[in-house]
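**Q** I'd like to ask some things about the structure below.
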Amino acid sequence: MGGMAYTSIEAEQLTTAEYYGKALHDLGAKHPDVVALTADLAKSTKIAPFVKAFPERLINVGIAEQNMFGIAAGLAKNGFVPYASTFSIFAAARSLDQIHTDICYQNVPVKILASHAGTSFGQAGSTHHAIIDLAVARSLPNMTVMCPADGAEAYKLVLASYEIPGPVYIRINRGFDAVVYGGGPDSVNFVWDKADELKSGRDATFIGIGAGVYQALQAANMLEYDCDIRARVLNMHTLKPIDKEAIIRAIDETGCIVTVEDHVLQGGLGSAVAEVIAEYGKPCKFKMLGHDNSFSTIGLQEDLLTIAGIDANGVAAAAADLLGVKLGGRDNWEDEY
Amino acid sequence: MPANYGPFDKAEWLRLEKKADELRRLTLQTAIWGGSGHIGGAMSCMDILTVLYHRIMKLDPKDPNYEDRDRFVLSKGHAAVGYAPVLVDYGYMPIEELKIFNLTGAKIGMHLDSNKVKGVDFSTGSLGHGISLGVGAALAARFHKKDYMTFVLCGDGEMNEGSNWEGIMSAAQFKLSNLVIMVDNNKCMIDGRVADEMNIEPLDRKFNAFNCNTYRVDGHNMAEINEALEAAIEYRNKGGEKPTAIVFDTFKGEGVDFMKDNYLWHYGSLDDEKASKAFASLDAYYKERCERAEKEGK
């Protein structure tokens, strides 16, 4: 689960940020114009492999995020491709003016690695949760917005970000993400502007982003077992530009969509999907799951997802409600008596 | 166009006075064409811009993006009503662009867009951004082993923004002696005088405390402006390790008697009567400036 940096069940796996560090190192080895910037969070954002290999290409500005993004823009205007990493909330909220004007308005290739996203730094509380950043990043002209489902996908996504022109906002969770792509980066079917269909189905479509993807996948498996509902699962790793075709296929072929995100309902994945549904104009059952105009609380991310109804049970319940089916039909307690 | 590092003699001083006078007039004319503008803060920095563009910086209007050019960041981006005339006069754009300043569809207006206006290295407008952008450009020069200088011009009211001080701190930490941070210290902001509203003095001592190689000079004296800028370049060339900061003491609306030192001229417009008074004031001002150059020049 995201956020479980010290209680992971998958100790041999890399954390999502460690995959980012590995990808940044590999990009640095291939492209001399890649430089890394941090604001006293080189350790937290796991960029050690890059730092070790290319110490002269690391710029640590101290605790000064606004300055970091301004410097990144100055470097990008002069031939570099800076990867500037900090916690999502300090990128999207504290440094928004620099990202808006210096980076997006000038349309320079600064790649923003926004870690500790959603409630993945759960125990740090709402000052360190980032549940508004997708809405912010999505609203910025020229910005591409991406969010991997797990570490393996993060690796592929970060490599791809170098080739995407202009600014890119990459949102990743702290610690380990529940594994969606079990075979590591090689098992990730990644086309940057296309949603990845993780499970086929014609009764409903679950569209997830980041931590929401694993929950959607689990919910689809539960519904299939429990009441033979076949839900399609889409990993919408690129929120902007969003894969409209995949959403339209979901409307036409399943007529029922549930979106799942560790983010507020206002302006994130659900809103983006709703925009496509509304413009397409065809009736479609629809439910958005996320934080509803509320800050989260202190706790482990998996608990916080449950509290907000964004976990697998929440997704399954929302789908059952939309489809008018009853969950728990295959529960059999007879052998307990 | 290579920088001119010839001797700063009387003829050179007078040449710069003539250019500054032309640019002040073109600034007023631009505000008239555009209907209004940030005239006060454009006039206060015109002597600084003149020395930079017509003596100090290496630039080529025929090749605006050539890699070895010196970089310039107008952190006080609202002074575009003065900066755009400098660029037009320098040959980056035809004067027709200036005649539609601020009008719908124009390339140039209140704040300049680096992706649209030739000769502009960075889009600015939101205050407190320029020093960080300059630090990035100066780091890029170091990484690319280029010897160009980066000049950032801030306003004094702008120094209220905390992000500037993040930038200054990092410029010193990274030993960016190829960066020159300049403040057009005209002592006025929109709502009043800087000292009354949110004082930023003593600016030179603040820069010193932030580990800069600091100068403080009269920003309306061509010889002093030149001396400070040449000293900054010489300091870098001799292996100095600090960024240079120059506090230029100036007056808002300098050159036009009814605008001078008046914060109400932060932004304004000129009707026919005011315009003719302003141009007449510039006539007298230019005469005074030439007399001073004749007297003090060598």
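From first to last, the protein sequence lines are chains A and B.
Going by numbering that gives the first Met the number 0, the first sequence opens with residue 0, and the numbers climb by one from there.
Going by numbering that gives the first Met the number 0, the second sequence opens with residue 0, and the numbers climb by one from there.
Beta carbons are placed, not taken as given, at the ideal position from N, Cα and C, and that holds for glycine.
Near PHE89 (chain A), what residues of its chain come up, given a Cβ to Cβ distance below 8 Å and the 5 sequence neighbours on each side ignored?
**A** Excluding positions up to five away in sequence, the list reads ALA38, GLU64.
**Q** Would you verify that the beta carbon of TYR104 (chain A) is, or is not, closer than 8 Å to some beta carbon of chain C?
**A** Absent from the structure is chain C; the protein chains it does hold are A and B.
**Q** Alpha carbon to alpha carbon, how far is LEU36 (chain A) from LEU57 (chain A)? Give it in angstroms, no decimals.
**A** 6 Å
**Q** Can you list the alpha helix (DSSP H) stretches of 4 or more residues lying completely in the region 182-250 of chain B, in chain order?
**A** List check, alpha helix (DSSP H) in window: 193-196, 202-208, 221-236.
**Q** So what does DSSP say about ASN312 (chain A), is it helix, strand or coil?
**A** helix
**Q** Look at LEU158 (chain A) and VAL179 (chain A) and say whether their C-beta atoms are less than 8 Å apart.
**A** no
**Q** Give me the residue from A:ASN220, A:ALA151, A:ILE131, A:LEU238 with the minimum Cα distance to VAL187 (chain A).
**A** A:ALA151
**Q** Could you name the residues of the same chain whose beta carbon sits closer than 6 Å to that of LYS284 (chain A), not counting the 5 residues immediately before and after it, in chain order?
**A** CYS255, LEU321
**Q** Count the other CB atoms, across all protein chains shown, that sit within 10 Å of the CB of SER295 (chain A); report buried if there are 16 or more and exposed otherwise.
**A** Under this definition SER295 (chain A) is a buried residue.
**Q** Note down the Cα distance separating ILE131 (chain A) from ILE180 (chain B), rounded to an integer number of angstroms.
**A** Separation of ILE131 (chain A) and ILE180 (chain B) (C-alpha to C-alpha, rounded to the nearest whole angstrom) is 35 Å.
**Q** Can you pull the DSSP bridge partners for GLU196 (chain A)?
**A** A:LEU233
**Q** Give the interface partners of GLU165 (chain B) over in chain A, defined as CB-CB distance under 7 Å, in chain order.
**A** ALA63, GLN65, ASN66
**Q** Please confirm whether GLY81 (chain B) and MET45 (chain B) have their CB atoms less than 8 Å apart.
**A** Taking 8 Å as the cut-off, the Cβ atoms of GLY81 (chain B) and MET45 (chain B) count as close.
**Q** Would you mind giving the Cβ-Cβ distance between GLY127 (chain B) and SER169 (chain B), rounded to the nearest angstrom? I have them listed as a contact below 8 Å.
**A** That belief does not hold up - the Cβ atoms of GLY127 (chain B) and SER169 (chain B) are roughly 14 Å apart, past 8 Å.
**Q** Could you check the C-alpha separation between SER131 (chain B) and ALA244 (chain B) for me, to the nearest Å?
**A** 14 Å
**Q** Listed from N- to C-terminal order along the chain, which residues in the region 91-123 of chain B have their beta-carbon within a distance smaller than 9 Å of any beta-carbon of chain A?
**A** Look at the region 91-123 of chain B: the residues with a C-beta under 9 Å from a C-beta of chain A are ASP112, SER113, ASN114, ASP120, PHE121, SER122, THR123.
**Q** Does GLY154 (chain B) come within less than 8 Å of chain A when only Cβ atoms are used?
**A** no
**Q** Closer than 9 Å, Cβ to Cβ, to anything on chain B: give me those residues from the region 75-89 of chain A, in chain order.
**A** ALA75, LYS76, ASN77, GLY78, PHE79, PRO81
**Q** Among the residues of its own chain, which have a CB less than 6 Å from the CB of GLU260 (chain A), if the five just before and after it don't count?
**A** ILE208, GLY211, GLY267, LEU268, GLY289
**Q** The region 66-85 of chain B: which residues have C-beta closer than 9 Å to a C-beta of chain A, in chain order?
**A** Cβ contacts with chain A: GLU66, ARG70, VAL72.
**Q** Among B:ALA136, B:PHE173, B:VAL182, B:GLY166, which one has its Cα closest to the Cα of GLY156 (chain B)?
**A** B:VAL182
**Q** Who are the near neighbours of LEU303 (chain A) in its chain, counting only those whose CB is closer than 6 Å to its CB and skipping five residues on each side?
**A** THR118, GLY121, SER295
**Q** Per the DSSP calculation, VAL34 (chain A) is bridged to which residue(s)?
**A** VAL34 (chain A) is bridged to A:PRO81.
**Q** Can you give me the C-alpha to C-alpha distance between LEU178 (chain B) and PHE150 (chain B), rounded to a whole angstrom?
**A** So the two alpha carbons sit approximately 6 Å from each other.
**Q** What does ARG70 (chain B) pair with, by DSSP beta-bridge criteria?
**A** B:THR149
**Q** Roughly how many whole angstroms lie between the Cα atoms of GLY280 (chain A) and MET235 (chain A)?
**A** 21 Å
**Q** Comparing the C-beta of GLN97 (chain A) with each C-beta of chain B, is any distance below 8 Å?
**A** yes
**Q** Alpha carbon to alpha carbon, how far is ALA317 (chain A) from HIS30 (chain A)? Give it in angstroms, no decimals.
**A** Answer to the nearest angstrom: the Cα atoms are 46 Å apart.
**Q** Please state whether the Cβ-Cβ distance between THR26 (chain B) and PRO84 (chain B) is less than 8 Å.
**A** yes
**Q** Going by CA-CA distance only, name the one from A:ASN59, A:ILE247, A:ALA92, A:TYR104 that's closest to TYR82 (chain A).
**A** A:ASN59
**Q** Nearest chain A C-beta to LEU22 (chain B) closer than 8 Å, yes or no?
**A** no
**Q** Residues of chain A with CB under 8 Å from ALA222 (chain B), in chain order?
**A** Chain A residues near ALA222 (chain B): none, gap ~31 Å exceeds 8 Å.
**Q** Beta-carbon within less than 7 Å of GLU11 (chain B)'s beta-carbon, same chain only, minus the 5 sequence neighbours each way: which residues are those?
**A** GLY5
**Q** Does the distance from the C-beta atom of ASP202 (chain A) to that of ALA177 (chain A) stay below 8 Å?
**A** no
**Q** Note down, in chain order, all residues in the region 127-141 of chain B with a beta-carbon under 9 Å from any beta-carbon belonging to chain A.
**A** GLY127, HIS128, GLY129, ILE130, SER131, LEU132, GLY133, VAL134, GLY135, ALA136, ALA137, LEU138, ALA139, ALA140
**Q** By DSSP, does CYS289 (chain B) sit in helix, in strand, or in coil?
**A** helix
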